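Structure record follows, encoded as structure tokens.
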Amino acid sequence: MGQQGPILSVEHVSKEFYGNVVLNDVCFELKAGEILGLVGENGAGKTTLMRILFGMPVIAETGGYKGRICLDGQEVRFSSPFDALDSGIGMVHQEFSLIPGFTTTENIVLNRESMRPSILNDVFGDRMSVLDRPDMRKRAEAAIAKLGVKLDPDLLISEMPVGHKQFTEIAREITRTKTRILVLDEPTAVLTESEAEVLLAALRNIAKLGIAIIFISHRLREVVDVADRVVVLRDGLAIKDLPVAGVSVRDIASWMVGRTVAADAVAGGEGREFGDELLKVEGLWVDMPGETVRDVSFSVRKGEILGFGGLAGQGKLGIPNGIMGLYPAGGSVGLRGKGVPLDSPRAALEAGMAFVSEDRRGVGLLLDESLDWNIAFTAMQVQGAYLRPILGGLFKIRDEAGMRKLTEEYVGALDIKCTSPKQKAKELSGGNQQKICLAKAFAVKPDLLFVSEPTRGIDVGAKKLVLDTLHRYNREYGTTIVMVSSELEELRAICDRIAIVDEGRIAGILPPTAELPEFGLLMSGLAARNAREAVNA
Amino acid sequence: MSGKKSLGRFLTENAVVILFLLITIAAIPSSGLSIQYILQEMITRLGRNTFLVLALILPIYAGMGLNFGMTLGAMSGQLGLILAINFNVGGVEGLAFAALLGTPVSVLMGYICGSVLNKAKGREMVTGYMLAFFINGIYQLVILYMMGAIFPIRSPAILLSRGYGIRNTLNLEGVRQSLDNLLMLRLGGYALPLATFIVIAVLCAFVIWFKKTKLGQDMRAVGHDMTVAESAGVPVDRTRIIAIIISTVLACYGQIIFLQNMGNMATYNAHDQTSFFAVAAILVGGASVKKASIPNVFIGVILLHVLFVVTPRAGQNLFGSAMIGEYFRQFIGYGVIALSLVLYAWRARKDALRAREGLRRASIAAAPEGAAK
Amino acid sequence: MSEKKVDPKIAARRLLVRGGLVVAYVFLVGLFFVTGKGHTVLVDNKDAADGSAVGINGALVSIDGREALEQYPGDRDIVLLKGQRHRVRIQLPSGEPPIEMSLALPLNTDMLLLSIPKLVAKQAGYLEEFVQRDQPRPADEKVGDNNAFTSPDAPVTTPAP
Amino acid sequence: MPKSTPNIKQFVTDFGWPRIIIFFFLALLFAAAPFVGVRMDASISDVFNRFGQNGLFVLALVPMIQSGCGLNFGLSIGIIAGLIGSTLSVQLGLIGFGGFFGAVALALPFAVLFGWVYGKLLNKVKGEEMTIAMYVGFAGVMFMCIMWLVLPYTSPTMVWGYAGKGLRTTITVEGFYRQVLNEFLAIRIGPNFVFPTGMLLFDGLCAYLLWLFMRTKTGTAMTAVGSNPDYARASGISVDRMRTTSVIISTVLGAVGIVVFQQSYGFIQLYTAPLAMPFAAVAAILIGGASVNKASMVNVLVGAFLFQGLLTMTPSVINSALHTDISEVVRLIVSNGIIIYALTRKTKVAK
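Residue numbers (this note's numbering), protein chains in the order written: chain A, 580 to 1116; chain B, 13 to 385; chain C, 353 to 513; chain D, 2 to 352.
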């Protein structure tokens, strides 16, 4: 496009959360009509960067950021997303921000409806204006035409295929007269291959109108296809910023995951001997919102630590949740050759499996109850432990002393910092809460332990402690562990094998010693695409 | 196949209306009342109650459920009427006078109610119900202890003999049926209170028009999805408060219309069952916690009140006790509210389940078929 | 959103309209108060206390064109009137042309006594406020019978069966 | 950092201003009582009596609050079961302790059945329990109004004399089981003070049994369901079954509660009498410091005592002091105000 200066420039932006650096001196520029591909692993800082750009209150609440963000050379500091919208930055979210009971038109012009003033305006204000539906429809149609896609302006969102919902969101952003920059966060994640193609074409159309686009996607192929430039974020650093021309998917993948610290990683792959096959999973599907598992088969041997990695939203979290019966699932799961019914947490627990959920506060803990409850509860309910008979055996009531002893044991063993076993779980820090979750799982003495995102949201010291604990239980007690984590490094540190999940399937299983680009490639959606192409061919 | 399915859907969606229709039809013959009598009663009661029931529509539209807090509006209306009686202002002018005085009070009440309900998102209905009880206490404090003691009352006839507090029953002689009689149309033996119907028609037109305004659209958006509306910049809390204020003001007028038809007023009890009857009516008419339309209102008022007219007689004739009919109609009223709430919650859950099922099928279908091999 | 940047001209107009509405509100309250104000008029055909006017035998009194009241000496009829200006028409039995005149009721009165003999005799004071003494009032009913919280808290002391 | 140093500000926010005001209000009433000529011994005796009469209703709310079903506005369902039991007991002519325990025993099967159905219903409407509970309760009461008229009771104590059928609105239990618990081991001091030992013992026993139950495996699971249903489910608990169980227990306690109430009050009140009873119990437990999703035995004790104290003292003290009957209205405002307060309080979510 023209030779004018950049409309958006991000200059030396840094941000830390409680001493944790998430963005470090990030710089890039964006010109009108340019499509910028922004890629990076989970936790690389993409989300934080976008939050800063949009003036999300959470940024100011956690101490603001360093550096400058300039629009047309003028520094801006938004205090709310509405300011960002007013300045012409539009965002299309990963989860739809649409009203299902409204039509396409109504959603596209939501809160910016065309109006004709009515006589009551002078009494009660502008909101008494009457909607000008024909004009609304016209504007919606114009936006749809700009996208170059087919959308029925009168269809209800709830009756639309997902792809159309995505288009509606984009159309909404571009109807803002001022929109000059459009941010799309994983817009193709929920789309089918053909829908994604249409979307990419639409993006090119928009770019031709002079709107700049920041395109965030884990499907590197799409980034290469559509973007003019690519910025790779890793550990808060913008490590690459270059035109896409001549860059291959493989290059980007290796920039994305390649770490300077990668060398010390490999501790797991020491060629250990394992026992018999303990868990066998075949054709598993799990209907977990946002983490759909489509078709997964794997087996775990006794004493092994199996890791599941992959990007967020690809289904790795769905695997343990489905096997433990927390979400509707199908397929077959066998423990020691015996089938375990799905959709029943009790059956899974009774079979000898335990689960440390990634949703610590939602599923993992009784926040309002004491620590001893949290730790002993599952063992009490599933195995009848920590109960004592009273009134000559007529009733069995809680054995408070036993629970206390158990809790104190784990408080010692896992170094949980708390005032007493009677402290409420919500009063502990994240790391200690995670240890409580682990203690709860250990208390049922499982043969197989599922651990999901064990280090999410806890500080570095606690991370190490948690990983060491898992490692120790595996080595000392022979507990078989299936660990799901977004952090490739920690998987590589303790797992014997690592499976990468992509689009609800296992894209491949690698030893922890494998080259980093190998992992990156499996995550980039290429494997799934290749598989599909192979099938279609 | 699909015809059968849609019939089933129709039946479940209109279960309450159909059930009610059946009960009513069954009860009419045993009451022994003439169709003419029932028709006249129906016309009278349509005029008397419809306005109150219409007051419920906007909060439902804004996703706040059934506005049990409308009782606050009814109390404001009664306050207006007490003042009109106090100043001996009669006729249609008296009604207008009462409505005008009731308006600011009901706006204030609506604001209070809306603010309280905003603090109790997700349990608006039970909170609204309890709030009505609470304000009832304050209403009594004002009417029973302050009027005549702190606020001067001109007309000693409406005071209790102890010198303060309003009498338990007020005679609305001056305004009795003045709206109904303003334009009474007599048609083949039926008396049609045309003026009242015109007022109701104007309100219906207002509701229809209101839904086309920006504010109406915002209310709809808030009702569908508060978070999305909020993120699109719609002032959610404010919109909800406005919905409740409008409802409360309408309830104030509705209560005045109701009471002018009744002709006297139980000062301390007249509002007790206002929300109960209105809510029962709109639910009988096929509305739900999330959806209500003007036809629901009319169908509901007609069905509920025909039943109310016939059950005492039917009880008398079938069981030899009028009390049975009396209890039966209250049972029906409460039962219908419980039933439609349950049906609605149950249906919503099933719909969510169906939606998820669809999602799953779509997401699994989205996978290449061959990959499973 | 859009409300924060209203054109000053529109803002001024809105202020005017809203102010006008407040005025209209007050005016309407006043208007309805005046036009709707009810008065009870006692149409009286008794002899005046000082004997200056005597009851008329068989006068037909009609107010605002309503059906005429036929009055004999000592009669007193009640008429409910709304508003302050009314027309009175009195047809005397003597067959003279009817007396017609307009009647202005003071706003702040509830009950008035209209003395027909005085009116016919064109004496002053034919209309005077009527103050009721020892107004009989019906006995109080039980007050404040609230459903909620009354029944479970009935007195502990056993009531007589 | 987690430091649970008790400070007053925290206590005030936790306990809430309205409750503290009520507490001081009651203290003031007691302090003022002697000056306006209200007999203290009679008042205190009254408070104990009412406390014993109503304590079980308040207790009955605990299981459902703990299991996450909210405030049981449908407690009248349990009360109805109790009424069936007591009318059957009178019909059968059981007297004395036989009459009382007969009524309880006859009420139990109904209570369990009603509670089971009611619980199943509430499971269908998660999130809307309270509104629905209220209307199910109302509808149940109205249905029973019809039943009281048509059921074939024959006992002359209960049936309308002139019609020969249909139950009276108020039935005396004089000669059946009036005051059997109150009189049991009752302590009398002076002419105006009676301590209803038996009734309070019975209440205490019920409370103890519930306390024990909440400590069993099932009781623990129930609390966990209320505290975090997802956690409970992940631990292999059937959330629906626990909720149903809690509703059954609540209903049973309501049924027993009304029989205790009757023996002390001396009458069986039928027809619309149970309509308002749940509200008083709800107000009491909330005044005691419970929230919509957490309640303890202490809340029950404190709440029932404060609320009944308020009910006893406001009429006597305020009416004597001001010479009006304003207390009824004050009570209405206070009890409903506290319910509103509890409902609008943000359910504390730890973040």
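Quick reminder that beta carbons are idealized off the backbone N, C-alpha and C, glycines included.
Note that this is a predicted model, so its numbers are computed, not measured.
Counting along the chain, where does the beta strand (DSSP E) carrying A/TRP864 start and finish?
Residue mapping note: residue 864 of chain A aligns to position 285 of the first sequence, counting from 1. First-last of the beta strand (DSSP E) with A/TRP864: 856 to 865.
According to DSSP, is D/ASN73 helix, strand or coil?
As a working mapping, residue 73 of chain D is identified with position 72 in the fourth sequence. It is coil, neither helix nor strand.
Rounded C-alpha distance that separates D/ARG346 from A/GLU1006
As a position in the fourth sequence, residue 346 of chain D is number 345, starting the count at 1. As a position in the first sequence, residue 1006 of chain A is number 427, starting the count at 1. Looking at the backbone, the Cα of D/ARG346 and that of A/GLU1006 are separated by about 21 Å.
Which chain A residues sit within Cβ distance under 7 Å of D/ALA213?
Against the fourth sequence, residue 213 of chain D aligns to sequence position 212. First, the amino acid is wrong: residue 213 of chain D is Leu here, not Ala. Chain A residues near D/LEU213: PHE974, ILE976.
Do the CB positions of D/TRP161 and D/LEU271 come within less than 8 Å of each other?
The residue you call residue 161 of chain D lines up with position 160 of the fourth sequence. The residue you call residue 271 of chain D lines up with position 270 of the fourth sequence. Remark: C-beta atoms of D/TRP161 and D/LEU271 do not approach each other more closely than 8 Å.
Skipping 5 residues on each side, what residues in its chain have a beta carbon closer than 8 Å to that of D/GLY267?
Position 266 of the fourth sequence holds residue 267 of chain D. Result list for D/GLY267: THR173, VAL174, GLU175, ARG179, GLN180, in chain order.
Identify whether D/TYR342 lies in helix, strand or coil by the three-state DSSP scheme.
The count along the fourth sequence starts at 1 and reaches residue 342 of chain D at position 341. Reduced to three states, the DSSP call for D/TYR342 is helix.
Euclidean distance between Cα positions of A/GLU640 and A/GLU595
As a first step, residue 640 of chain A is located in the first sequence; it is residue number 61 there, counting from the start. As a first step, residue 595 of chain A is located in the first sequence; it is residue number 16 there, counting from the start. If you draw a straight line from the Cα of A/GLU640 to the Cα of A/GLU595, it comes to about 12 Å.
Closer than 7 Å by beta-carbon distance: list the chain B residues that pair up with D/ASN337, in chain order.
Translated into the one-based positions of the fourth sequence, residue 337 of chain D becomes position 336. Contacts between D/ASN337 and chain B, judged by CB atoms closer than 7 Å, involve MET142, PHE145, PHE146, GLY149 in chain order.
Beta-carbon neighbours of C/VAL369, restricted to chain A and to distances below 8 Å
Start at 1 with the first residue of the third sequence, and residue 369 of chain C comes out as number 17. Within 8 Å of the CB of C/VAL369, the CB atoms of chain A belong to ASP701, VAL702, in sequence order along the chain.
In whole angstroms, give me the CA-to-CA distance for A/GLN653 and A/ILE736.
As a working mapping, residue 653 of chain A is identified with position 74 in the first sequence. As a working mapping, residue 736 of chain A is identified with position 157 in the first sequence. CA-CA distance, A/GLN653 to A/ILE736, rounds to 38 Å.
Pairwise C-alpha distance: B/LEU129 and B/ASN26:
On the second sequence, position 14 is the one that residue 26 of chain B refers to. On the second sequence, position 117 is the one that residue 129 of chain B refers to. Straight through space, the alpha carbons of B/LEU129 and B/ASN26 are spaced by roughly 29 Å.
Could you tell me whether the Cβ of C/LEU373 comes closer than 8 Å to any Cβ of chain A?
As a working note, residue 373 of chain C is residue 21 in the third sequence. Cβ-Cβ to chain A under 8 Å: yes for C/LEU373.
Hey, out of A/LYS757, A/SER878, A/GLN960, A/LYS729, whose CA is closest to A/THR747's CA?
As a working mapping, residue 747 of chain A is identified with position 168 in the first sequence. The shortest C-alpha to C-alpha distance from A/THR747 to any of A/LYS757, A/SER878, A/GLN960, A/LYS729 is the one to A/LYS729.
Would you verify that the beta carbon of B/LYS362 is, or is not, closer than 8 Å to some beta carbon of chain A?
Here residue 362 of chain B is taken as the residue at index 350 of the second sequence, counted from 1. Not closer than 8 Å to any Cβ of chain A, the Cβ of B/LYS362 fails to qualify, so no.
Got a sec: which bits of the stretch 667 to 680 of chain A sit with their beta carbon under 9 Å from any beta carbon on chain B, in order along the chain?
Against chain B - using a Cβ distance shorter than 9 Å - the residues of the stretch 667 to 680 of chain A are HIS672, PHE675, SER676, LEU677, ILE678, PRO679, GLY680.
Nearest residue (CA-CA) to A/ALA724, options A/LYS1001, A/MET670, A/LEU788:
Numbered from its first residue, the first sequence carries residue 724 of chain A at position 145. When the alpha-carbon of A/ALA724 is set against those of A/LYS1001, A/MET670, A/LEU788, the nearest one is in A/LEU788.
Looking at the secondary structure, which residues open and close the alpha helix (DSSP H) in which A/PRO968 lies?
For this step, residue 968 of chain A is matched to residue 389 along the first sequence. That residue, A/PRO968, is in no alpha helix (DSSP H); its beta strand (DSSP E) goes 966 to 969.
Would you say D/ILE238 faces chain A, with C-beta separation under 8 Å as the test?
On the fourth sequence, position 237 is the one that residue 238 of chain D refers to. The beta carbon of D/ILE238 falls within 8 Å of a beta carbon belonging to chain A, placing the residue at that interface.
Should C/ARG428 be flagged as near chain A, meaning a C-beta pair shorter than 8 Å?
The sequence position of residue 428 of chain C within the third sequence is 76, counting from 1. For C/ARG428, the closest Cβ of chain A is not nearer than 8 Å.
Alpha carbon to alpha carbon, how far is B/THR286 from A/VAL1063?
Your numbering for residue 286 of chain B matches position 274 in the second sequence. Your numbering for residue 1063 of chain A matches position 484 in the first sequence. B/THR286 and A/VAL1063: Cα-Cα distance of roughly 57 Å.
Go ahead and pull the three-state DSSP assignment for A/ALA844.
Here residue 844 of chain A corresponds to residue number 265 of the first sequence, with the count starting at 1. Low confidence applies to A/ALA844: its pLDDT is 43, below 50, so where it sits in the model is not reliable, and the reading given next is rough at best. Coil at A/ALA844, not helix or strand.
Taking the CB atoms as reference points, tell me whether D/ALA140 and B/ALA67 lie closer together than 8 Å.
Position 139 of the fourth sequence holds residue 140 of chain D. Position 55 of the second sequence holds residue 67 of chain B. Result no, Cβ atoms of D/ALA140 and B/ALA67 do not sit closer than 8 Å.
Go through its chain and collect everything with a Cβ distance to D/ILE22's Cβ below 7 Å, but skip five positions before and after it.
Here residue 22 of chain D corresponds to residue number 21 of the fourth sequence, with the count starting at 1. If we look at D/ILE22 and ignore the five residues flanking it on each side, it has no Cβ neighbours.
I need the DSSP call for C/ARG529, collapsed to helix, strand or coil.
This structure does not reach residue 529 of chain C, given that chain C is present from 353 up to 513, and the question cannot be answered.
Mind pulling the chain B residues with CB within less than 9 Å of A/GLU870?
Counting from 1 along the first sequence, the entry for residue 870 of chain A is found at position 291. Chain B residues near A/GLU870: none, gap ~11 Å exceeds 9 Å.
Under the three-state DSSP convention, the category B/ASN193 falls into:
Residue numbering aside, residue 193 of chain B sits at position 181 when the second sequence is read from its first letter. Correct three-state label for B/ASN193: helix.
Are at least three pairs of beta-carbons, each pair with one atom in the stretch 288 to 305 of chain D and one in the stretch 109 to 128 of chain D, less than 8 Å apart?
By the criterion of at least three beta-carbon pairs nearer than 8 Å, the stretch 288 to 305 of chain D is not in contact with the stretch 109 to 128 of chain D.
Looking at A/ALA1086 and A/LEU1101, is the spacing between their C-beta atoms short of 8 Å?
Position 522 of the first sequence, counted from the start, is the residue given in the question as residue 1101 of chain A. Position 507 of the first sequence, counted from the start, is the residue given in the question as residue 1086 of chain A. Against a cut-off of 8 Å, the Cβ pair of A/ALA1086 and A/LEU1101 comes out as a contact.
Buried versus exposed call for C/THR409 [16 or more other C-beta atoms within 10 Å across all chains shown]
Residue numbering aside, residue 409 of chain C sits at position 57 when the third sequence is read from its first letter. First, the amino acid is wrong: residue 409 of chain C is Asn here, not Thr. Using a 10 angstroms sphere on the CB of C/ASN409, the tally of other CB atoms stays under 16, which defines it as exposed.
So, for B/MET121: in the same chain, excluding its five sequence neighbours on each side, which residues have a beta-carbon less than 6 Å away from its beta-carbon?
By one-based count along the second sequence, residue 121 of chain B stands at place 109. Around B/MET121: LEU84, SER88, THR260.
Going by the CB atoms, is the gap between D/ASN229 and A/LEU945 shorter than 8 Å?
Position 366 of the first sequence, counting from 1, holds the residue named residue 945 of chain A. Position 228 of the fourth sequence, counting from 1, holds the residue named residue 229 of chain D. Yes, Cβ-Cβ distance for A/LEU945 and D/ASN229 is below 8 Å.
Classify B/GLY337 as buried or exposed, calling it buried when 16 or more other Cβ atoms lie within 10 Å of its own Cβ.
Your numbering for residue 337 of chain B matches position 325 in the second sequence. By the neighbour-count rule (16 or more Cβ atoms within 10 Å), B/GLY337 is buried.
Give me the residue from A/ASP604, A/PRO585, A/TYR597 with the minimum Cα distance to A/HIS591.
Taking the first sequence and counting its residues from 1, the one referred to as residue 591 of chain A is at position 12. Taking only the C-alpha atoms, the option nearest A/HIS591 is A/ASP604.
Limits of the unbroken alpha helix (DSSP H) element including D/CYS207
In the fourth sequence, residue 207 of chain D corresponds to position 206, counting from 1. Taken as a continuous stretch (DSSP letters only), the alpha helix (DSSP H) holding D/CYS207 covers 198 to 214.
Give me the residue from B/GLY20, B/ILE35, B/THR24, B/ARG21 with the minimum Cα distance to B/VAL318.
Here residue 318 of chain B refers to the residue found at position 306 of the second sequence. Comparing alpha carbon positions, the residue from B/GLY20, B/ILE35, B/THR24, B/ARG21 closest to B/VAL318 is B/ILE35.
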